[in-house]
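Numbering (full-length UniProt numbering), first residue to last: 1 to 523.
Beta carbons are placed, not taken as given, at the ideal position from N, Cα and C, and that holds for glycine.
Beneath this line is the structure, given in structure tokens, with notes to follow.
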């Protein structure tokens, strides 16, 4: 006990001596000399200390922009610190599936391991007083993360571990983020305080490929294509193509084109940018909007055949050649009308989706939807721009079974046989099938819904048959009318030919009589 007390007494004396000499050093030594002594002291210490430290500050640059590396490291450490650290702090994070995030507290340390190398992370902060005035005032508290490791592992840490931390942090942030649905603002709202080119809401559509009413083979083919694209960063770089892929969804209304887009976004964990072309004034604005989109996103133009007359310029040039110049007044009125309309051209849209500008950002999916694929310019939907064409047609029996399970939790039923027979001869969209399957009250049973669907299918079958008969009848009448018209034209033509022949014969007889009279007179 006496030895312990003596030891603490000696330690106190040594500490007091050190503090005395440090105070004398700080008070009586001039600043240049203090800097010189500290520099060589650190060099001497580094020869003895085998550990290296790397500091990652929260803010960087002149305008004190938050460091992306710091944020990524914070995300990486937050995923591990809740289990390893004894002191934690809670923070509310926006746009995340887990809004309350736990991370290690200030001056707390956790241990990490990578390829057999042991490393230490420490969170710290410094209080800094700023005397100067700035338009972008800096915070008085400087937070940082410090990474410590043995000097013999320098190459592993600098070449592999730090990149591993950044990649893992970004992957965790991507998995935890909330998906967003964006729409473009008019260009008049782009500039000013807190104004942006895109507005967004949280994307909460529950659609998935499990609930999508599609043929199983088509569904599997689409899923494989999406997975191949998502994991194809190195492949696209190898073949020299921008990391993007185009999908053309076409088919009658109510066949699930919008639901397909939502399912793709949830499967890939991508944001959706719903581009309204009618709100874009010109090609330059379209390019600016594209630049503002993020990677890991789906750019959607729905009903592209109705958004703009993208083939209008070609038709206009042809029309101008045929009609010539217009009157001055009419031309002025036409120009005023064109000013009000969007001036986005087919060429501008092609450059955005497949030109040089399409390489701005990676991992981007572009989706066009249309009800009438024949109306689109072939240059717009060729392979390389719209790489995969997906026809979403009327509901089939396999798609019906998916909808029945979704809406009624029914996997098989004795009415399925009749429904399968009706689907072979009847066309009905998935939207109509879903509406008939949806229970209209709490008491309504699955069998009632299936019977309602059968009734709707039988009605649709009768209407289709009636329509086909009417069309056949109309076609037969048109053909009969055309035949009568053709027969009449042939009869009139025949009659005209006969009259012409008779007339020529009469003229010939008359000419012969005149010649006979002339011969008699000569004799």
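Would residue 10 be called buried (16 or more neighbouring beta carbons within 10 Å of its own) or exposed?
-> Taking every protein chain shown into account, the CB of residue 10 has fewer than 16 other CB atoms within 10 angstroms, so this residue is exposed.
Among the residues of its own chain, which have a CB less than 6 Å from the CB of residue 359, if the five just before and after it don't count?
-> 242
Should residue 19 be labelled buried (16 or more other beta-carbon atoms within 10 Å of its own) or exposed?
-> exposed
If you draw a straight line from the C-alpha of residue 16 to the C-alpha of residue 70, how long is it?
-> 39 Å
Residue 387 - DSSP class collapsed to helix/strand/coil = coil
Since residue 430 and residue 395 are thought to touch, with beta carbons under 8 Å apart, how far apart are those beta carbons, to the nearest angstrom?
-> 5 Å
Quick one: measure Cβ to Cβ for residue 255 and residue 392, integer angstroms, because I've assumed they're closer than 8 Å.
-> 4 Å
Which residue's Cα is closest to the Cα of residue 162: 117, 23, 103, 470?
-> Closest by alpha carbon: 117.
Residues in its own chain within less than 8 Å of residue 156 by CB, not counting five upstream and five downstream?
-> These residues qualify, in order along the chain: 114, 115, 117.
Could you give the C-beta distance for residue 125 and residue 105, rounded to a whole number, given that I count them as a contact under 8 Å?
-> With a Cβ gap of about 10 Å, residue 125 and residue 105 do not count as contacting.
Spell out a yes or no on whether the segment 448-457 and the segment 269-281 are touching, meaning 3 or more CB-CB pairs, one atom from each, closer than 8 Å.
-> no
Use the C-beta contact count for residue 273: other C-beta atoms within 10 angstroms, 16 or more gives buried, fewer gives exposed.
-> buried
Any idea what DSSP makes of residue 17, helix, strand or coil?
-> helix
How big is the Cα-Cα spacing for residue 455 and residue 213?
-> 21 Å
Helix, strand or coil for residue 104, going by three-state DSSP, please let me know.
-> It is a strand residue.
Who pairs with residue 420 in a beta bridge, going by DSSP?
-> Answer is none; residue 420 lacks a bridge partner.
If you count every other CB in all the chains shown that lies within 10 Å of the CB of residue 103, and 16 or more means buried, which is it?
-> A residue is called buried when at least 16 other Cβ atoms come within 10 angstroms of its Cβ; residue 103 meets this threshold and is buried.
Contact belief for residue 58 with residue 143 at Cβ below 8 Å, rounded distance in angstroms = 4 Å
7 Å CB neighbourhood of residue 312 in its chain, flanking five on each side removed | Confidence at residue 312 is low in this model, with a pLDDT of 46, below 50, so the placement of that residue should be treated as unreliable; the coordinate-derived value is given next. No residues qualify anywhere along the chain.
Between the C-alpha atoms of residue 581 and residue 376, what's the straight-line distance to the nearest angstrom?
-> No information on residue 581 is available, as it lies outside the stretch 1 to 523 that the chain covers here.
Return the CA-CA distance between residue 471 and residue 478, expressed in angstroms with no decimal places.
-> 10 Å
Inter-residue spacing [alpha-carbon to alpha-carbon] between residue 35 and residue 141 | Using only the alpha carbons, I get a separation of about 24 Å.
Could you check the C-alpha separation between residue 199 and residue 275 for me, to the nearest Å?
-> Between residue 199 and residue 275, the C-alpha separation is close to 11 Å.
Secondary structure of residue 191, DSSP reduced to three states | In the three-state reduction of the DSSP assignment, residue 191 falls in the coil class, being assigned neither a helical nor a strand state.
Span of the beta strand (DSSP E) around residue 249 = 244-250
Report yes if the CB atom of residue 369 is closer than 7 Å to the CB atom of residue 302, and no otherwise.
-> For residue 369 and residue 302, yes; Cβs fall inside 7 Å.
Contact check, residue 219 vs residue 289, beta carbons under 7 Å | no
Are the CB atoms of residue 168 and residue 76 nearer to each other than 7 Å?
-> yes
May I ask you to list the residues that DSSP assigns as paired with residue 122?
-> Per DSSP, the beta-bridge partners of residue 122 are 109, 146.
Around the Cβ of residue 497, are there at least 16 other Cβ atoms within 10 angstroms (buried) or fewer (exposed)?
-> exposed
For residue 151, which residues of its own chain have a beta-carbon under 8 Å away from its beta-carbon, when the five flanking residues on both sides are left out?
-> 50, 51, 52
CA-to-CA distance, residue 372 to residue 304, given in whole angstroms | Computed Cα separation, rounded: 10 Å.
Rounded C-beta distance between residue 386 and residue 182? I'm assuming under 8 Å.
-> No, residue 386 and residue 182 are not in contact; Cβ-Cβ is about 21 Å, not under 8 Å.
Are residue 365 and residue 245 touching if we call contact CB-CB under 7 Å?
-> Between residue 365 and residue 245, the gap from beta carbon to beta carbon is short of 7 Å.
Whole-angstrom distance between residue 159 and residue 223, CA atom to CA atom = Using only the alpha carbons, I get a separation of about 35 Å.
To which residues does DSSP link residue 181 through a beta bridge?
-> 201, 272
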